[in-house]
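Numbering (the working numbering), first residue to last: 1 to 68. The C-beta atom is built at its ideal place from N, Cα and C for all residues, glycine as well. All of these numbers come straight from a predicted model, not from anything done at the bench.
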Amino acid sequence: MKASDLTTLEADLPTTPSDVEALRRARNASRMSRSEIVATLEQLGTLAPSELRSRPGPRGEPFLLPPE
(Lines of atoms letter the chains of each structure in order from A and count residues from 1; the text may use other names and numbers.)
(Lines give C-alpha, C1' and ligand atoms only; values in the text may rest on other atoms or scores of the structure.)
Protein backbone atom coordinates (compact mmCIF):
# COMPACT_ATOMS: atom_id res chain seq x y z
CA MET A 1 0.00 0.00 0.00
CA LYS A 2 1.34 3.42 -0.95
CA ALA A 3 0.88 6.43 1.32
CA SER A 4 -1.11 8.08 -1.47
CA ASP A 5 -3.62 5.21 -1.29
CA LEU A 6 -4.73 6.27 2.20
CA THR A 7 -8.06 8.10 2.08
CA THR A 8 -8.63 8.62 5.79
CA LEU A 9 -6.23 7.77 8.56
CA GLU A 10 -8.99 6.46 10.83
CA ALA A 11 -10.25 3.94 8.29
CA ASP A 12 -7.22 3.19 6.14
CA LEU A 13 -4.16 3.22 8.40
CA PRO A 14 -3.45 -0.34 9.52
CA THR A 15 -3.41 -0.47 13.33
CA THR A 16 -3.59 -3.19 15.91
CA PRO A 17 -5.53 -3.14 19.16
CA SER A 18 -2.21 -2.66 20.99
CA ASP A 19 -1.47 0.40 18.79
CA VAL A 20 -4.81 1.93 19.77
CA GLU A 21 -4.21 1.21 23.46
CA ALA A 22 -0.72 2.77 23.30
CA LEU A 23 -2.15 5.92 21.70
CA ARG A 24 -4.84 6.15 24.39
CA ARG A 25 -2.26 5.77 27.17
CA ALA A 26 -0.07 8.47 25.61
CA ARG A 27 -3.05 10.83 25.25
CA ASN A 28 -4.13 10.32 28.85
CA ALA A 29 -0.59 10.70 30.19
CA SER A 30 -0.22 14.11 28.54
CA ARG A 31 -3.65 15.44 29.56
CA MET A 32 -3.54 18.64 31.62
CA SER A 33 -5.75 19.24 34.63
CA ARG A 34 -7.94 22.33 34.84
CA SER A 35 -5.56 23.92 37.34
CA GLU A 36 -2.59 23.26 35.02
CA ILE A 37 -4.45 24.87 32.12
CA VAL A 38 -5.29 27.93 34.22
CA ALA A 39 -1.66 28.23 35.41
CA THR A 40 -0.39 28.02 31.82
CA LEU A 41 -2.84 30.67 30.62
CA GLU A 42 -1.84 32.95 33.50
CA GLN A 43 1.83 32.60 32.49
CA LEU A 44 0.98 33.64 28.94
CA GLY A 45 -0.66 36.85 30.12
CA THR A 46 -3.07 38.90 28.07
CA LEU A 47 -2.45 40.74 24.83
CA ALA A 48 -4.53 43.59 23.51
CA PRO A 49 -6.14 43.00 20.09
CA SER A 50 -3.88 45.72 18.64
CA GLU A 51 -0.81 43.80 19.86
CA LEU A 52 -2.06 40.61 18.25
CA ARG A 53 -2.78 42.38 14.95
CA SER A 54 0.70 43.93 14.91
CA ARG A 55 2.45 40.56 14.98
CA PRO A 56 4.09 39.58 11.70
CA GLY A 57 2.39 36.84 9.78
CA PRO A 58 3.00 34.87 6.58
CA ARG A 59 4.02 36.96 3.61
CA GLY A 60 4.34 36.36 -0.10
CA GLU A 61 2.31 34.41 -2.59
CA PRO A 62 -0.14 31.83 -1.23
CA PHE A 63 0.82 28.19 -1.48
CA LEU A 64 -1.10 26.37 -4.23
CA LEU A 65 -1.32 22.64 -4.77
CA PRO A 66 -0.72 21.50 -8.34
CA PRO A 67 -3.77 20.05 -10.13
CA GLU A 68 -4.02 16.28 -10.09
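Taking the C-alpha atoms as reference points, what is the distance between Arg-53 and Leu-47?
-> Here residue 53 refers to the residue found at position 53 when the sequence shown is read from its first residue. Here residue 47 refers to the residue found at position 47 when the sequence shown is read from its first residue. Distance between Arg-53 and Leu-47, taken at the CA atoms: about 10 Å.
Look up Ser-33 in the DSSP assignment and say whether it is helix, strand or coil.
-> On the sequence shown, position 33 is the one that residue 33 refers to. In this structure, Ser-33 counts as coil in the three-state DSSP scheme.
Three-state secondary structure assigned by DSSP to Pro-17 = Here residue 17 refers to the residue found at position 17 when the sequence shown is read from its first residue. Correct three-state label for Pro-17: helix.
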